[in-house]
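Protein chains: 2
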Amino acid sequence: MNSTIILKGNILYTPRPSEFVAIQQGYVIAVDGVVVHCGESIPPAYGEHPITDYGDHLIIPGFVDTHAHAPQYCNRGLGMDKELLPWLETYTFPEEAKFSDKEYARLVYGAFVHDLWRNGTTRSILFGTIHKDSTLVLMELLQKAGLSAYVGKVNMDRNSPEFLIEDTHQSLADTKEWLEASAQFGPLVKPIITPRFVPSCTSELMSGLGNLAQAYNVPVQSHLSENHGEIDWVAALLPEAANYTDVYYEHHLMGKVPTVMAHCIHLSDVEMDRMAETQTMVSHCPYSNVNLSSGIAPIRKLFERKIPIGLGSDISGGHIVSMAKVLTEAIGLSKMKWVEVDQMYAPLTLSEAFYMATKGGGKFFGKVGSFEKGCELDALVIDDTTLFDPNERSLEERLERWLYVGDDRHIVERYVAGKVAPEPTN
Amino acid sequence: MNSTIILKGNILYTPRPSEFVAIQQGYVIAVDGVVVHCGESIPPAYGEHPITDYGDHLIIPGFVDTHAHAPQYCNRGLGMDKELLPWLETYTFPEEAKFSDKEYARLVYGAFVHDLWRNGTTRSILFGTIHKDSTLVLMELLQKAGLSAYVGKVNMDRNSPEFLIEDTHQSLADTKEWLEASAQFGPLVKPIITPRFVPSCTSELMSGLGNLAQAYNVPVQSHLSENHGEIDWVAALLPEAANYTDVYYEHHLMGKVPTVMAHCIHLSDVEMDRMAETQTMVSHCPYSNVNLSSGIAPIRKLFERKIPIGLGSDISGGHIVSMAKVLTEAIGLSKMKWVEVDQMYAPLTLSEAFYMATKGGGKFFGKVGSFEKGCELDALVIDDTTLFDPNERSLEERLERWLYVGDDRHIVERYVAGKVAPEPTN
Chain A
285 MNSTIILKGN
295 ILYTPRPSEF
305 VAIQQGYVIA
315 VDGVVVHCGE
325 SIPPAYGEHP
335 ITDYGDHLII
345 PGFVDTHAHA
355 PQYCNRGLGM
365 DKELLPWLET
375 YTFPEEAKFS
385 DKEYARLVYG
395 AFVHDLWRNG
405 TTRSILFGTI
415 HKDSTLVLME
425 LLQKAGLSAY
435 VGKVNMDRNS
445 PEFLIEDTHQ
455 SLADTKEWLE
465 ASAQFGPLVK
475 PIITPRFVPS
485 CTSELMSGLG
495 NLAQAYNVPV
505 QSHLSENHGE
515 IDWVAALLPE
525 AANYTDVYYE
535 HHLMGKVPTV
545 MAHCIHLSDV
555 EMDRMAETQT
565 MVSHCPYSNV
575 NLSSGIAPIR
585 KLFERKIPIG
595 LGSDISGGHI
605 VSMAKVLTEA
615 IGLSKMKWVE
625 VDQMYAPLTL
635 SEAFYMATKG
645 GGKFFGKVGS
655 FEKGCELDAL
665 VIDDTTLFDP
675 NERSLEERLE
685 RWLYVGDDRH
695 IVERYVAGKV
705 APEPTN
Chain B
285 MNSTIILKGN
295 ILYTPRPSEF
305 VAIQQGYVIA
315 VDGVVVHCGE
325 SIPPAYGEHP
335 ITDYGDHLII
345 PGFVDTHAHA
355 PQYCNRGLGM
365 DKELLPWLET
375 YTFPEEAKFS
385 DKEYARLVYG
395 AFVHDLWRNG
405 TTRSILFGTI
415 HKDSTLVLME
425 LLQKAGLSAY
435 VGKVNMDRNS
445 PEFLIEDTHQ
455 SLADTKEWLE
465 ASAQFGPLVK
475 PIITPRFVPS
485 CTSELMSGLG
495 NLAQAYNVPV
505 QSHLSENHGE
515 IDWVAALLPE
525 AANYTDVYYE
535 HHLMGKVPTV
545 MAHCIHLSDV
555 EMDRMAETQT
565 MVSHCPYSNV
575 NLSSGIAPIR
585 KLFERKIPIG
595 LGSDISGGHI
605 VSMAKVLTEA
615 IGLSKMKWVE
625 VDQMYAPLTL
635 SEAFYMATKG
645 GGKFFGKVGS
655 FEKGCELDAL
665 VIDDTTLFDP
675 NERSLEERLE
685 RWLYVGDDRH
695 IVERYVAGKV
705 APEPTN
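Protein sequences, first through last, are from chains A and B.
Under our numbering, the very last position in the first sequence is 710; numbers go up by exactly one each time.
Under our numbering, the very last position in the second sequence is 710; numbers go up by exactly one each time.
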């Protein structure tokens, strides 16, 4: 009962950060959602299968968003004149409190999932809120939309507004219950352990979450080293810790299961060594880092140390869902680091940023984000004909232009793990 | 034969950089294209006139783009991994050469003018190419679209590719002929003297252009202090000049008629003094400065010295036509200057950036970019209902969100000097 699909079009992907593979009028073939061939012709074994021909359109891997807060969707583009901590107090926490109401959650999460779909984000790693039932609603909506995601019920038991603080034992009990309920959603929508960040979690809570992650073999996500105020706060809360990174490490929230940490802007060399040793993924969130004046992450340095890097929208610290725009912003920010701060940080190239937004972040899901053999087939079909240009352009130039100036209007089809994801009706 | 219009809706504008005026369900009234009243009610004298009621929509001033290269429209979003000088050689100059063909010009300029319209840019200050006839085509298309602009035939007689270099005398003769032909386009579309930049203009050409600007009472635009390579080049070409700025000043291209200079990233204090003394406008082009790794202009410092500042898309050094996006990028860049370079540069606030994109740049056109009495009425009507949010928001919050996450799909009407500008058909 194998299901074989063959897509034809102008194919572009980045097997390595350093280069695009571009195939004019090529074919990508998947069996049961997994790529078996990508090239200029169809191998004889697949000669009998029907072809979905996308003509002159571009076919690229689906985008991977490695960090977004689904419940902050209504706050995108608001409060952009504030820094992290006051912004959390004024906008974020009051909004997240509303997700104690499952119906409010269904309304907002439905709109958010539609926006992920619209912008071609086929995979995402998401924060929910502390509310387990609303978090299950988000997982249900993603599954119905045919999108893949890791979704986390958030844990926070200190230094938070009264209306968002959990009792430590209840938090762990709720997390266990939610982990077990999550099994219903199948292979594309899975749970991820989600301590909000060190300042809002007691040591007891973090240890308990580290144990749950290992017991259920579930990955971990959190925030790390976003802002100097936050870093100083962690040092004051845990004066015995060697550094911010080691707080997570010592609580087994890093190194035991796969972990992704958002931001990582101000890491010391010792902390970078720990990230590399544990192969903890950095979720680089350029729009958020700009909006909240957090600073420019040293992406070139992290990259050279072989730390895995994905890109994140960080809705709503970041305001833009589109990973095409997030990746061009990452390039722009890297240029500003190079020109304004230190010429040792060579700017990101287009292929490097595209890699991070596809295969780089995709590693967290297994083999995802590329059209190499063995990868799950996530794909976007791009019709760029309305981007006016009477001149002949290479496929790379057409892709560059769409990434910089195109938008969701040009995405005409989305595939996730080999299946078309139609527009979510909710 | 006075023509009176009354618009009703949620009105926002920035009479000063420091604050928005926001009027819930207010009225803006214009007679013969000029605002006579903006407030919460209709003065008795206008009680008999019909009202155009935009319901719950936002009404804001039209955007002013103080720097864009119309002939580079086809190159937007291409070659973004290059710096200024190689990017000019590879992409810009070969494209501009095509504008010797008036039909090619009509095709590309038509698409560009449509994109200005689509994004709500009611006023713009544009570079054409060296070709006078094609430049007249651009002016004709703007006039037909009902948009207002200063348009320049470019001058360049050295250090340029052979196919774009002018003979000095022919360049001045063509400019004179074009200035005279420009009179046909009426008050909304006017000529501006446009030496490309110092490296591509001989002293003789610059002097001749300075004389023409004064003789015809026409303003001047050019580029200034964008990139270190360019600045060093100017110093090598004119070793006797005190600095880059003074080359323009000494040739009467600054201080005699209104002048706007794009970029101004690396000005010395002495140069800033000259800009302030001559009230030369800076066109700050944040996307371009990022894309070409030019650096972050010290906008706070320029602002404090009372130098006039507008914002520019700089198509195609910048890739984004939308001034809503250019203004949010200006805010983002100013935050990076503050956090990564020097905390003396306080980040731009939303109202400051909005002011620059409306009334700030509008000053080049007279009284434009605000709804204060005496201003020409340029307005955009924004329907933000499809930007999902079940929560009540203030008018400022709704505007902030639209600027950050909205797009042309939400602009439902454009007014220029009191008249609706319908979609250009061309």
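For every residue, glycine included, the Cβ atom is placed at its ideal position computed from N, Cα and C.
These numbers come from a predicted model, not from an experiment.
Count the other CB atoms within 10 Å of the CB of residue i; is the residue buried (16 or more) or exposed (fewer)?
i: A/G361; result: buried
i: B/F447; result: exposed
i: A/H453; result: exposed
i: B/N675; result: exposed
i: B/N573; result: buried
i: A/R300; result: exposed
i: B/V435; result: buried
i: B/E707; result: exposed
i: A/S567; result: buried
i: B/E555; result: buried
i: B/N516; result: Per the sequence presented here, residue 516 of chain B reads as Asp, with Asn not at that position. Label assigned to B/D516: exposed.
Out of the options, point me to the one whose CA is closest to residue i's CA.
i: A/E624; options: B/V652, B/W686, B/K366, B/P582; result: B/P582
i: A/L537; options: A/A499, A/I549, A/S552; result: A/A499
i: B/T633; options: B/D626, B/K647, B/L617; result: B/L617
i: B/H398; options: B/I409, B/E373, B/G430, B/K386; result: B/G430
i: A/K428; options: A/N443, A/A457, A/G470, A/L463; result: A/G470
i: A/V392; options: A/R402, A/L422, A/G404; result: A/L422
i: A/L400; options: A/S606, A/E656, A/W622, A/K657; result: A/S606
i: B/T374; options: B/P483, B/S384, B/I615, B/S444; result: B/S444
i: B/D673; options: A/H321, A/R300, A/G394; result: A/G394
i: B/G346; options: B/P708, B/P706, B/Q505, B/V700; result: B/V700
i: A/L296; options: A/S484, A/S635, A/W517, A/G404; result: A/S635
i: B/E424; options: B/Y688, B/A467, B/Y533; result: B/A467
i: B/A497; options: B/V518, B/E464, B/P483; result: B/E464
i: A/S484; options: A/L522, A/N501, A/N495; result: A/L522
For residue i, which residues in the same chain have their Cβ closer than 8 Å to its Cβ, ignoring the five residues on either side in sequence?
i: B/C569; result: H351, A546, H547, L595, G596, S597, D598, G601, G602, V610
i: B/M285; result: Low per-residue confidence applies at B/M285: pLDDT is 47, beneath 50, and the placement is therefore not dependable enough to give any value.
i: A/W462; result: K416, T419, L420, K437, P475
i: B/H321; result: Y311, V312, I313, P327, Y330, K657
i: B/K590; result: A560
i: A/W686; result: L342, A608, I666, D668, L671, H694
i: B/T562; result: Y533, M538, G539, T543
By Cβ distance below 6 Å, which residues in the same chain neighbour residue i in space, the five residues on each side in sequence not counted?
i: A/L369; result: G513
i: B/F649; result: R407
i: B/L551; result: S509
i: B/S716; result: Limits of chain B in this structure are 285 at one end and 710 at the other, which puts residue 716 of chain B out of reach.
i: B/N403; result: V605, S606, D692
i: A/G293; result: Y338, H341, I343
i: A/P542; result: P503
i: A/S578; result: E510, N511, I549
Under the DSSP definition of a beta bridge, which residues are partnered with residue i?
i: B/L296; result: B/A306
i: A/N439; result: A/P479
i: B/I695; result: B/I666
i: A/V348; result: A/R407
i: B/D337; result: B/K292
i: B/E660; result: B/V318, B/V652
i: A/K703; result: A/V700
i: B/Y311; result: B/K292, B/G323
i: A/H568; result: A/L595
Please list, in chain order, all residues of the same chain as residue i whose beta carbon is under 7 Å from its beta carbon, the five residues on each side excluded.
i: A/C358; result: E379, V392
i: A/D651; result: First, the amino acid is wrong: residue 651 of chain A is Lys here, not Asp. Counting only Cβ-Cβ distances below 7 Å, and skipping sequence neighbours, we find G658, C659, E660.
Cβ closer than 7 Å: which chain E residues qualify as neighbours of residue i?
i: A/A395; result: Here the protein chains are A and B, and chain E is not one of them.
(message) Against chain B, which members of the stretch 580-596 of chain A pass a CB distance test of less than 9 Å?
(response) Under the 9 Å Cβ criterion, the stretch 580-596 of chain A contributes I580.
(request) With 9 Å as the C-beta to C-beta threshold (strictly closer), list the residues of the stretch 608-619 of chain A near chain B in chain order. (result) Listed by position along the chain: T612, E613, I615, G616, L617, K619.
(request) Give, in chain order, every residue of the stretch 524-552 of chain A whose Cβ lies closer than 7 Å to some Cβ of chain B. (result) Answer in chain order: no residues at all.
(request) Could you list the residues in the stretch 356-382 of chain A with a C-beta less than 7 Å from some C-beta on chain B, going in chain order? (result) Of all residues in the stretch 356-382 of chain A, C358, R360, G361, L362, M364, D365 have a Cβ within less than 7 Å of some Cβ in chain B.
(request) Return the residues of the stretch 407-440 of chain A that lie within a Cβ-Cβ distance of less than 9 Å from chain B, sorted by chain order. (result) Going along the stretch 407-440 of chain A in chain order, one finds no residue with a Cβ nearer than 9 Å to chain B.
(request) Would you list, in chain order, the members of the stretch 497-513 of chain A that have their beta-carbon closer than 7 Å to a beta-carbon of chain B? (result) Nothing from the stretch 497-513 of chain A brings a Cβ to less than 7 Å from some Cβ of chain B.
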